[in-house]
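For reference, the structure discussed in these notes is given below.
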Amino acid sequence: MAVSLPAASAGASATGGDMRGSATVAAASAGASATGGDMRGSATVAAAPTQTSSAPRASRLRIPNRSRGARSGPARRAARRRGLIAWLFLVPLLGLNVWIVIGPAIATVYYSFTDWTGIGPAEWIGFENYERILNDSRLHDALIHNVIWLVLFLTIPCALALLGAYVLSQVKKYQMLFRALYFIPYVVASVVNAFLWTALMSPTNGIGHVLGEMGVPWIGDVALLGNTDTSLYAVNFVVNWHFWGFLAVIFLAAMQNVDPELYDAAKVDGASRWQQFTHVTLPGIRPTVIFLALMSAIWTLKAFDYVWIMTGGGPANSSEVIATYMYKTALLNYEAGYAATLGLSMAFMTIIVLAFYQVIRRRGWES
Amino acid sequence: MFGKRKGREPSLIPYYFVLIVLALFAIGPLVTVVFNSLKANFQIGGSPLTPPTEFHFSNFVDAWQQGDLATTMKNSAILTVGTIIGVCVISGLAAYALSHLNLPGGNAVIAWLFLSIALPVQLFLVPLFFMWSRLDLQDNLFGLMILYWALDSPFLTLLLRSFLMKIPKDFTEAARLDGANELQVMTRVMLPLAMPGVLTVGLIAGLNTWNEFFLARTFIQSPDKKPIATSFLSFQEEFHTDWALTSAAALFMLAPAVILFLFMQRRFVAGLTSGGIK
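Residue numbers (the working numbering), protein chains in the order written: chain A, 8 to 374; chain B, 3 to 280.
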């Protein structure tokens with residue numbers, strides 16, 4: 008979560024979301040060997056993220072059922088009644104969603120055109136907030152920080168996780184134990200992880216201090232979190248540390264879904280282990296990797312917890328990200344109107360990422 | 003496999019070497035928290051990374067009392083249990099409808115659930131915050147719990163649905179022919195079969211809630227209502243010079259999550275990885 012589970016529970020749920028998506032994706036890649044039942048599951052599940060393309064597939068699966076029901080009057084009535092009951096079962100979920108997500112999201116659109124402070128009436132100011140976004144240098148810095156995070160996020164933890172997952176997939180003994188150890192930082196609360204790394208990065212008695220005493224130059228007295236050059240990277244390091252094990256576990260599951268016969272074939276052709284990795288393993292788990300890259304992109308946009316706890320965005324805004332900036336704008340500076348505009352921009356960026364993912368899927372995902 | 007290596011089979015030692023290095027990287031920092039929680043504070047300054055030479059269990063007593071952990075852990079427990087129950091009911095109903103009831107328009111609902119998982123909470127935070135103040139749900143554990151229900155259930159509905167998809171419709175059809183109504187079909191037929199899925203959903207909802215920070219920090223201000231995540235941060239700010247004490251408090255926070263994970267590892271990882279597939 009780093010994903011910071013910043014975005015707290017939405018973040019958290021997103022987390023899961025991706026995992027499940029990835030599972031699906033893994034299923035799709037293992038598709039050839041899937042039985043009928045599996046295919047159905049994976050088709051529908053896969054349908055979900057790409058709505059448009061796979062929805063017809065999923066519904067086609069159901070048509071036989073429905074048309075059978077349509078043949079006779081009472082059966083049709085029963086089916087319609089069941090449809091009504093089905094919607095009743097969705098009332099709690101959708102009711103909460105309308106109340107807490109959709110309604111306030113629409114209100115956000117309205118407030119983004121006002122100078123609302125959060126208290127009292129909101130006055131319509133047209134596109135002023137949007138013009139302000141274009142000229143807000145603090146926001147632009149925060150955006151650049153988010154982009155830096157994204158790049159780091161898509162490289163370092165992914166590489167570590169691929170390494171960890173691959174090595175795990177090669178051993179049998181203690182595989183479960185190591186898998187659990189890698190995953191533990193992910194289940195520990197962000198406040199605890201942030202605290203322990205703040206302590207370990209302390210210039211007076213953290214790791215750097217110990218290394219400095221041992222004679223390692225430079226590191227001894229550097230306040231990694233208190234230095235404008237390093238704070239952004241120091242926090243990002245902690246997020247990556249807490250996150251890579253999660254990726255490793257997902258990648259491992261995907262690797263275990265790769266058809267073993269492909270490896271046998273590669274061995275017969277005399278492929279080295281490295282060649283097996285690049286020509287069998289990586290293509291086999293590519294959909295999972297791409298999916299998690301998508302989710303990572305969405306999570307980095309929301310990154311909040313670790314930055315807020317470890318540096319508060321400082322020093323001198325050197326580790327400010329868009330989520331912390333928006334939070335301060337809304338709840339510390341009482342510029343609720345402008346904060347709404349910022350929140351809307353974040354959602355807009357999320358949608359761009361999703362659209363980009365759709366394009367990738369269309370081009371070459373299935374090939 | 004390990005013992006009798008045959009001629010060309012490469013040694014596994016390099017693999018285990020890499021595994022151990024990675025494990026130290028993942029777990030080492032957490033181990034230092036355990037070490038430091040047992041030291042006297044003045045010992046940490048000189049050697050923050052080494053095991054304790056003598057055990058100061060009094061840190062745990064002090065942390066428990068000074069952090070008022072009895073109150074904050076109770077708050078977290080209420081939130082966690084309430085969220086688990088609420089989410090299981092909400093997601094259970096919805097997932098059943100989306101998997102076994104041929105819901106007209108079901109695919110649109112699923113698409114929306116995916117989108118609302120991806121959308122940042124910042125999109126609706128500002129109006130939500132002020133609406134919660136007006137409804138007196140601000141600074142209210144139940145108000146926070148409603149937010150967890152709303153924000154956790156879309157993902158968990160989709161996860162649970164993928165479990166339910168694996169249960170053949172024959173079971174429910176048979177029950178319906180026997181004259182059971184939908185609620186009976188769900189509670190008597192589906193629920194027992196779907197128990198592993200429900201358990202996974204409850205586990206994820208519980209861990210999310212226990213660890214959740216952002217909403218708790220935004221929506222709860224009174225010290226006596228804070229869950230442990232946000233009160234730990236205040237504690238850390240107050241006692242930032244006393245790492246022994248803060249480490250002990252940190253252990254109280256992380257222990258339930260880690261222990262639960264270790265016991266339920268298979269269930270948890272299966273839910274996150276293969277849950278969607280087979």
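For glycine and all other residues, C-beta sits at the position ideal for the given N, C-alpha and C.
Keep in mind the model is a prediction, meaning the values are calculated, not measured.
Would you mind giving the Cβ-Cβ distance between B:L205 and B:F270, rounded to the nearest angstrom? I have them listed as a contact below 8 Å.
At roughly 6 Å, the Cβ-Cβ gap stays under 8 Å, so B:L205 and B:F270 are in contact.
Excluding the 5 residues preceding and the 5 following A:D148 in the sequence, name in chain order all residues of the same chain whose CB lies nearer than 7 Å to its CB.
For A:D148, where only same-chain residues beyond five positions count, the Cβ hits under 7 Å are N324 and E327.
Please decide whether B:A252 counts as near chain A, where near means a Cβ-Cβ distance under 8 Å.
Answer yes: the Cβ-Cβ gap between B:A252 and chain A drops below 8 Å somewhere.
Could you tell me the distance, in whole angstroms, from the CA atom of B:Q267 to the CA atom of A:Y117?
Taking the straight line joining both Cα atoms gives about 45 Å.
Collapsed DSSP secondary structure at B:T300 in the structure displayed:
Chain B is shown only over 3 to 280; residue 300 of chain B falls outside these bounds and no answer can be derived.
Determine, using beta carbons only, whether B:G47 comes closer than 8 Å to chain A.
By this cut-off, B:G47 is an interface position.
Name the chain B residues that come within less than 8 Å of A:Y189, Cβ to Cβ?
The contacting residues are L24, A25 and A28.
Spatially closest choice to A:A304 from A:G213, A:I358, A:Y332 and A:N212, by CA coordinates
Nearest in C-alpha terms to A:A304, of all of A:G213, A:I358, A:Y332 and A:N212, is A:I358.
Restricting to Cα atoms, I'd like to know which of A:A278, A:E220 and A:G252 is closest to B:F27.
The candidate whose alpha carbon is nearest that of B:F27 is A:G252.
Does the distance from the C-beta atom of A:A310 to that of A:W156 stay below 8 Å?
Cβ atoms of A:A310 and A:W156: closer than 8 Å.
Compute the Euclidean distance between the alpha carbons of B:N43 and B:L247, then round it to the nearest angstrom.
Taking the straight line from one Cα to the other gives about 8 Å.
Status (buried if at least 16 other CB within 10 Å, exposed otherwise) for B:V111:
Buried: at least 16 other Cβ atoms inside 10 Å.
Cutting at 6 Å between CB atoms, please list the residues of its own chain near B:S233, excluding the five before and the five after it.
Exclusion of the five residues before and after B:S233 leaves T74 as the residues of its chain whose Cβ lies within less than 6 Å of its Cβ.
So A:L231 is in the alpha helix (DSSP H); what residue range does that whole segment cover?
Per DSSP, A:L231 belongs to no alpha helix (DSSP H) and is neither H nor E.
Distance CB(B:K227)-CB(B:D141) smaller than 8 Å
Contact flag set, yes.
Does DSSP put B:T211 in a helix, a strand or coil?
Correct three-state label for B:T211: helix.
Could you name the residues of chain E that B:W151 contacts, counting a contact when the two beta carbons are closer than 7 Å?
Included in the structure are the protein chains A and B, with no chain E among them.
Determine which residues share a DSSP beta bridge with A:W131 and list them.
In DSSP, A:W131 forms a bridge with A:T121.
Let me make sure I understand the geometry here. Which of B:F173, B:F131 and B:A113 has the alpha-carbon closest to that of B:F157?
Ranking B:F173, B:F131 and B:A113 by Cα distance to B:F157 puts B:A113 first.
Does chain B have any CB closer than 8 Å to the CB of A:G213?
For A:G213, the answer is yes, since a Cβ of chain B falls inside 8 Å of its Cβ.
Just to confirm, are A:M302 and A:T205 a CB contact at a threshold of 8 Å?
Pairing A:M302 with A:T205 gives a Cβ-Cβ distance that is not under 8 Å.
In whole angstroms, give me the CA-to-CA distance for A:I92 and B:F173.
Between the alpha carbons of A:I92 and B:F173 lies a distance of about 18 Å.
Touching by the beta-carbon criterion (3+ pairs, under 8 Å), the region 236–253 of chain A and the region 181–194 of chain A
Cβ pair count under 8 Å is three or more, so yes.
Kindly list the residues whose CB is nearer than 6 Å to the CB of B:A177, restricted to its own chain and excluding five residues on each side of it in sequence; keep chain order.
Taken in chain order, the residues that qualify are V187 and V191.
From A:A241, A:P164 and A:T235, pick the residue whose C-alpha is nearest to that of A:P322; which is it?
A:T235 is the residue among A:A241, A:P164 and A:T235 whose C-alpha sits nearest the C-alpha of A:P322.
Positions along the region 119–145 of chain B whose CB lies within less than 8 Å of some CB in chain A
Residues of the region 119–145 of chain B with a Cβ closer than 8 Å to any Cβ of chain A, in chain order: I119, A120, L121, P122, V123, Q124, L125, F126, L127, V128, P129, L130, F131, F132 and M133.
Using a Cβ-Cβ cut-off of 6 Å (strictly less than) and excluding sequence neighbours within five positions of A:A33, which residues of its own chain qualify?
Bear in mind that the predicted position of A:A33 carries a pLDDT of just 32, short of 50, making it unreliable; the figure below should be weighed with that in mind. Result list for A:A33: A261, N264 and T295, in chain order.
Where B:C90 and A:N142 are concerned, what is the direct C-alpha to C-alpha distance, given to the nearest angstrom?
Distance between the alpha carbons of B:C90 and A:N142 is about 46 Å.
With respect to the alpha helix (DSSP H) encompassing B:K76, which residues constitute its N-terminal and C-terminal limits?
Bounds of the alpha helix (DSSP H) holding B:K76 are L71 to H102.
Residues of the region 294–313 of chain A with Cβ closer than 8 Å to any Cβ of chain B, in chain order
Within the region 294–313 of chain A, the residues whose Cβ lies closer than 8 Å to some Cβ of chain B are I305, L308, K309, F311 and D312, listed in chain order.
Return the CA-CA distance between A:A201 and A:Y137, expressed in angstroms with no decimal places.
Spanning the two alpha carbons is a distance of roughly 34 Å.
Out of B:G30, B:S78, B:V36 and B:S49, which one is the CA nearest neighbour of B:L146?
Residue B:S78 is the option with its Cα nearest to B:L146.
Note down the Cα distance separating A:L167 from A:T237, rounded to an integer number of angstroms.
Roughly 21 Å between the two C-alpha positions.
Just curious, the alpha helix (DSSP H) that A:W106 is in, first and last residue?
Segment: none, A:W106 is in no alpha helix (DSSP H) and carries neither H nor E.
Can you have a look at B:Q67 and say buried or exposed, based on whether 16 or more other CB atoms are within 10 angstroms of its CB?
An exposed status is given to B:Q67, since fewer than 16 other beta-carbon atoms sit within 10 Å of its beta-carbon.
Is it true that the region 210–223 of chain A meets the region 280–299 of chain A, where meeting means three or more beta-carbon pairs spaced less than 8 Å apart?
Touching, no, given that fewer than three Cβ pairs across the two stretches are closer than 8 Å.
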